[in-house]
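Q: Under our numbering, the first residue of the sequence shown is numbered -1, with each subsequent residue one higher. Think of the CB as a built atom: it goes at the ideal place given N, C-alpha and C, for glycine as much as any other residue.
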Amino acid sequence: MKTTLSIIKADIGSIGGHIKPSQNLLEAVENFLRIEGKNLMNNFYVGHTGDDVALLLSHNEGVGAEKIHKLAWDTFIVGTEVAKKQGLYGAGQDLLKDSFSGNVKGMGPAVAEMEIEERPNEPFLFFAADKTDPGAYNLPLYLSFTDPMHNAGLILSPAMNKGFTFTIMDVSYTEGDRTIELNAPEDLYDIAALLRDNQRFVVESIHSRNNGEIAAVVSTTRLHNIAGKYTGKDDPVMLVRVQGAFPATGEVLSPFSIGHLVAGFMRGSHTGPLMPVKRNSSISFFDGPPVVSCLAFCVHNGTFTEPADAFDHPYWDHIREKVARKATDIREQGFSGAAMLPYSELEYGGIVEKMKKLDTQFRVKG
Ligand code: F6R
Ligand code: MG
Ligand code: MG
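Structure below.
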């Protein structure tokens, strides 16, 4: 049976700054989806990570389906009305266009979708990150799909012996989707050469070379490319199929134990370690640290099980402590050097004005 899995997420307002959405907002979103989506989809799940509300939908309409995207857009509009009524901060923040036009891509919300032929049992992972951008998934995906240090199946399982094809997008190109396909393991060094640049090259999807099936898909939106100015970080979502011809769940989770440094954190303009957090976690220290949640599901005939919270385990408490220490370490150097993003990535225009003014005050001696 063919099923489409869609994650569509947006920041439509939150409590006390960019912390988390309100209970009323989440309830309004769930109720609307339940009623209006009844004949359009098979099942849904609503969650939040930091200030972002993510809708996970299962349906039979395929990828990029107008009906489904309109349902998600209308859901976010309803949520925004509640946000406005409650005076939530940043109400409707990620809805960058006035009216819906066919597909939410390019309108603000982030989208990760895949159409799959359901296996008899179909386990998959639903990732949502806040205070960071899509490049945050580059290193974990590289490691879990290509490196036997994290993926023991690459040595042990014949089902993965041909490796994976990475589709990588150049997100600085705004005229359209500029992508390249590279194969692991032959093109490993080329893949690494691109993926080291998290702000420009982003994994869009990964396919198995054993069976040709889609394994992973990431939202690749860059909000400042849509709005032309800072409107919030891109806060990416991702779907990963697991087990069998794909990495085991634990192999996909393994690289998240690194707590690698990513772009985002305060005002989307800093470097901070990515902390794996429990379901429905909020944001705190220095508007961060950057966080990622992971819910594991099975889908069967389009119906989801309840989620299993992949980062809710004592092992990850120990990792969270390590990541908190890393966050404190880098924050100790404030604005200096590697703690802040390069000029081109700073998310607020104010510094551009400041630099322009200062430039006129420079004098060349001699
Ligand atoms: C980062 C983020 C926050 C805000 C900061 C200032 O993604 O959401 O760090 O940038 O709280 O917010 P504004 O500009 O809304 O006052
Ligand atoms: Mg926000
Ligand atoms: Mg956010």
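Within this structure, are the beta carbons of S217 and P234 separated by less than 7 Å?
A: For the purposes of this step, residue 217 is identified with residue 219 of the sequence shown, where counting begins at 1. For the purposes of this step, residue 234 is identified with residue 236 of the sequence shown, where counting begins at 1. Closer than 7 Å, so yes.
Q: Got a sec? Which residues, its chain only, sit under 6 Å from I204 by beta carbon, not counting five neighbours each side?
A: Stepping through the sequence shown from its first residue, residue 204 is reached at position 206. The residues are F143, F162, F164, A213, A214.
Q: Please confirm if the stretch 42 to 51 is in contact with the stretch 281 to 292, defined as three or more CB-CB distances below 8 Å between the two stretches.
A: With a cut-off of 8 Å, the stretch 281 to 292 and the stretch 42 to 51 count as touching, because enough Cβ pairs lie within range.
Q: Are G133 and V238 close, meaning C-beta to C-beta below 7 Å?
A: Counted from its first residue, the sequence shown places residue 133 at position 135. Counted from its first residue, the sequence shown places residue 238 at position 240. No, the Cβ-Cβ distance between G133 and V238 is not below 7 Å.
Q: Name the residue from A243, A108, E120 whose alpha carbon lies nearest to the alpha carbon of S155.
A: Stepping through the sequence shown from its first residue, residue 155 is reached at position 157. It is A243 whose Cα lies nearest to the Cα of S155.
Q: Nearest to Q21 by CA position, among Q84, K65, V61, N37, is which residue?
A: Along the sequence shown, read from residue 1 onward, the residue named residue 21 stands at position 23. Per the Cα distances, Q84.
Q: In angstroms with no decimal places, state the Cα-to-Cα distance between D188 and G88.
A: Position 190 of the sequence shown holds residue 188. Position 90 of the sequence shown holds residue 88. Their backbone Cα atoms lie some 40 Å apart in a straight line.
Q: List the endpoints of the continuous beta strand (DSSP E) containing H205.
A: On the sequence shown, residue 205 is found 207 positions in, with the first residue counted as 1. Per DSSP, H205 belongs to the beta strand (DSSP E) from 199 to 206.
Q: For the stretch 271 to 283 and the stretch 94 to 109, state whether three or more C-beta atom pairs, one from each stretch, are separated by less than 8 Å.
A: No: the two stretches stay apart, fewer than three of their Cβ pairs being nearer than 8 Å.
Q: State buried or exposed for R32, treating a residue as buried only when at least 16 other CB atoms are found within 10 Å of its CB.
A: In the sequence shown, counting from the first residue as 1, residue 32 sits at position 34. With fewer than 16 other Cβ atoms within 10 Å, it is exposed.
Q: State the beta-bridge partners of T177 as determined by DSSP.
A: Position 179 of the sequence shown holds residue 177. In DSSP, T177 forms a bridge with M167.
Q: Can you tell me whether DSSP reads P340 as helix, strand or coil?
A: As a working note, residue 340 is residue 342 in the sequence shown. Coil.
Q: Select from P253, S56, V240 the residue whose C-alpha is nearest the C-alpha of W314.
A: By one-based count along the sequence shown, residue 314 stands at place 316. Ranking the options by Cα distance to W314, first place goes to P253.
Q: Which residue wins for smallest C-alpha separation from I13, given the options V297, R323, S282?
A: Translated into the one-based positions of the sequence shown, residue 13 becomes position 15. The shortest C-alpha separation from I13 is found at S282.
Q: Kindly provide the ranges of any beta strand (DSSP E) runs that are 3 or more residues long and lie completely inside the stretch 93 to 178, ordered along the chain.
A: Listed in chain order, they are 108 to 115, 120 to 128, 162 to 168.
Q: Pairing CB atoms from the stretch 114 to 121 with CB atoms from the stretch 55 to 66, are three or more of them under 8 Å?
A: With a cut-off of 8 Å, the stretch 55 to 66 and the stretch 114 to 121 do not count as touching, because too few Cβ pairs lie within range.
Q: Under 7 Å, do T303 and F295 count as touching if we go by C-beta distance?
A: Here residue 303 is taken as the residue at index 305 of the sequence shown, counted from 1. Here residue 295 is taken as the residue at index 297 of the sequence shown, counted from 1. Cβ atoms of T303 and F295: closer than 7 Å.
Q: Any idea which residues DSSP pairs M236 with across the strands?
A: Indexing the sequence shown from 1 puts residue 236 at position 238. Answer by DSSP bridge pairing, in chain order: F125, V216.
Q: Which first and last residues belong to the alpha helix (DSSP H) in which Y346 is found?
A: Along the sequence shown, one-based indexing puts residue 346 at 348. Unbroken run through Y346: none, as it is neither H nor E.
Q: Measuring alpha carbon to alpha carbon, tell me which of T358, R198, V51, H57 ends up nearest T1.
A: To locate residue 1, count along the sequence shown from 1; it is residue 3. Checked all of T358, R198, V51, H57; the closest Cα to T1 is H57.
Q: CA-CA distance, L123 and E211?
A: Position 125 of the sequence shown, counted from the start, is the residue given in the question as residue 123. Position 213 of the sequence shown, counted from the start, is the residue given in the question as residue 211. Their backbone Cα atoms lie some 16 Å apart in a straight line.
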